[in-house]
Amino acid sequence: MRNVQWSDTSRRPTWKDRPFILFTVIMLLKLALVWGVVFRADGSSIWMMLGTGLASTWVVFSLVEMVLYKKKLGAYLFFDLIFTIIYFAVIMYYKYFGVIVTYHELRQVNQVSEVNNSVISLMDPYYLLIFIDIVALVIGLIASKRLRAWGRSLAVRGRTSGYAAGFIVMAAVCAFCIWPNRAIMNEFKQAEGMGLLNYQAYVAFAADKTADVDPSTINQDAINSLKGITPPAAPQYWQAEQGKNLIIIQLEAFQNFLIDLKIDGQEVTPNMNKLAHEHFYFPNFYQQVGQGNTADAEYVVNTSLVVPPNGAASEVYANKELPSMPKRLTEAGYQTASFHTNNIKFWNRAELYKALGWGTYYDDHFFGKDDPVAFGSSDEVLYAKTSAELANLQKNGPFYAQLISMSGHHPFNIPARKYKMQLPKRYEGTLVGDYIRAQNYADYALGQFIDELKANGLWDNSVIVLYGDHQGLPVYSLDKKEKALMKEIYGRDYEVPDMMNIPLIISAPGIAPQVVQQTGAQSDIFPTVSNLLGVSLDNQIHFGQDLLNTTSNLMPERYYLPTGSFISNKGTYVPGESFADGTLYPFGGGKLANKDVTEDEYNRVHQLVSMADRYVADLPDRKNEKK
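In this note's numbering, the protein residues as written are 62 to 688.
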């Protein structure tokens, strides 16, 4: 192919001869779509997004013109596809997680087949318009000789000096976008300031945001000091349930607003309501999960540690010798078992369970495929088969069993045979309505399990803990009608801290019911039940605390909230570009400037997260067992 310069004055090149212009316009339209779905509600400027996006796009397109000109149209189509996949992933991931997706999350694409219904349910048809140019061009190139001839005619090199200059200038603009925004803790604000493609490049090469910690400084006293707590010398309820079984029930996507909720007079979760009224109920309790969601909840509850900065704990930390509740209770003479109707290989649980030290596990091989709901057999099957197994375990002494309920999984499309309530017409066909109906069924199945535990004598001989694993109704997934329904339920706007608020209920035989207002999170469950059972954690690092013996708390949040976010007795704090422009979401709704949050708290939270990361990183690797 000749190295052709545009020098024929008889015909000046038009936009048809310059795919640089055509594909630039296409990329700007796609960026506008991303802005409308992801950044618009945050008050971001569309012009900033288009400007930062234009710079990174032109860097790549200039290289195409200078280096790949012999296959120019193919190169433009290739990069169009790559950018489009990134933009589409940003949209879809934001709709569920509320975060800006990076290559860290895209590594989990192998999990998509298990949650494809959830992914499809989040998709508005117009999102697919982002692919329309690629589809049209590919079909056109296959069907039209004229279009193929046009593609071949583009295989010429333009003015190299012009594109070289453009490349240098745009690369400098990209660097200018990235460099001053490196210190921003809030990933959403960081992506907004850098530009989406620049942010992706930055994350791929940048170090994580945790500070280096001297391992010799990691001890329980240091952790307690950072959290601002002083454990009592004689804690209340110590050994109050010594020798009792421990049954922990993790309820899929169960949020706290469901407790005592009535829809047009219908009680949504009567069994959970009764438990909340008759036992310990913690209404100000929050999730601490990361990318692994349900598996992360299992990790946090059983270790009282913090999820990793990137990836699911079940995959990132499964190679570690993790100090855990199953191991600690095994040392105290307990049998341990986990019950989950899904396959043990999902989210790498097979390795996580070894790292946590479970004595045995029961998955779909035990529960079978009958009566399917969501990812496996229904909660009714889970509870029926588990109750019989627990009765057998009790014959050999106390046990610790964790049950993972799954029937309430997003997108909450339970089969009609499982409907236990009639939804008002205004809720039909909405995510909120489907969620309420699924959780009503999950509560129904739970009620059957409670009856079975009482019938076989396990209820009065067990401490029973129930909590939600993570949010079910992401704020970002709701349309206007669904947000209006949530406002009807809450009596105010539904906000990010609301979706992270999950219930904690502890049934402890012989102890009077109590609503405990103390703020807590999933890492606090291990220390709290250890106190009730009389199992000391004096020699075990933990980042949670006993909620029955404290009056304050400082809980780092990751993933669903930007880096630097935390929950305390004051509410939920989310940083902006720095601490100074952060926002406090007080309990009960609304937003405040951060006047009630101190920078010292913010810095201590960052130290806690860094300490937790370093602690797990320094744990010995687990020896590979023979399969």
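Virtual Cβ for every residue (Gly too), placed ideally from N, Cα, C.
Beta-bridge pairing of residue i - partner residues as DSSP gives them
i	result
residue 660	DSSP output for residue 660 lists no bridge partner at all.
residue 682	381
residue 448	In DSSP, residue 448 forms no bridge with anything.
residue 401	465
residue 323	328
residue 367	Partner(s): none; residue 367 has no beta bridge.
residue 318	Residue 318 is not bridged to any residue.
residue 555	DSSP output for residue 555 lists no bridge partner at all.
residue 575	341
residue 653	645
residue 633	628 and 646
Range of the contiguous alpha helix (DSSP H) that encloses residue i
i	result
residue 507	492-516
residue 85	80-95
residue 564	Where residue 564 is concerned, there is no enclosing alpha helix (DSSP H), although the beta strand (DSSP E) it sits in stretches over 562-568.
residue 4	An answer regarding residue 4 cannot be provided, because it is not within the stretch 62 to 688 covered by the chain.
residue 711	Outside the displayed span of the chain (62 to 688) sits residue 711, for which this structure offers no information.
residue 266	257-266
residue 221	221-239
residue 287	281-288
residue 208	206-214
Cα-Cα separation, residue i to residue j
i	j	result
residue 561	residue 219	54 Å
residue 546	residue 493	7 Å
residue 151	residue 162	5 Å
residue 56	residue 263	An answer regarding residue 56 cannot be provided, because it is not within the stretch 62 to 688 covered by the chain.
residue 634	residue 99	21 Å
residue 558	residue 424	33 Å
residue 215	residue 247	43 Å
residue 232	residue 324	56 Å
residue 191	residue 91	6 Å
residue 377	residue 350	14 Å
residue 638	residue 563	28 Å
residue 480	residue 411	33 Å
residue 610	residue 588	10 Å
residue 134	residue 234	26 Å
residue 514	residue 520	5 Å
residue 193	residue 93	15 Å
residue 202	residue 488	46 Å
residue 296	residue 591	11 Å
residue 666	residue 462	32 Å
residue 422	residue 228	57 Å
residue 260	residue 496	34 Å
residue 705	residue 501	Any property of residue 705 remains undetermined from this structure, which presents the chain solely from 62 to 688.
residue 527	residue 550	23 Å
residue 420	residue 384	14 Å
residue 281	residue 128	58 Å
residue 664	residue 624	12 Å
Neighbour-count burial assignment, residue i, 16 or more Cβ in a 10 Å radius
i	result
residue 470	buried
residue 671	buried
residue 63	Interpretation of residue 63 is limited by its pLDDT of 43, a score under 50 that renders its predicted location unreliable; the figure taken from the coordinates is listed afterwards. Exposed, because fewer than 16 other Cβ atoms sit within 10 Å of the Cβ of residue 63.
residue 339	exposed
residue 319	buried
residue 681	exposed
residue 453	exposed
residue 438	buried
residue 576	exposed
residue 139	exposed
residue 337	buried
residue 141	buried
residue 677	buried
residue 344	buried
residue 293	exposed
residue 657	exposed
residue 130	buried
residue 355	buried
residue 432	buried
Terminal residues of the beta strand (DSSP E) in which residue i lies
i	result
residue 308	306-312
residue 538	Where residue 538 is concerned, there is no enclosing beta strand (DSSP E), given that its DSSP letter is neither H nor E.
residue 525	523-529
residue 189	Run containing residue 189: none; DSSP gives neither H nor E here.
residue 645	644-646
Just to confirm the assignment: which complete alpha helix (DSSP H) runs, minimum length 4, are found wholly within the region 101-157? 107-128
Pick out the complete beta strand (DSSP E) segments inside the region 581-631, 3 residues or longer, and give them in chain order. 615-617 and 627-629
Can you list, in chain order, the stretches of the alpha helix (DSSP H) that have 4 or more residues and sit fully within the region 409-437? With a minimum length of 4 residues, the continuous alpha helix (DSSP H) runs that stay inside the region 409-437 are 410-417 and 425-428.
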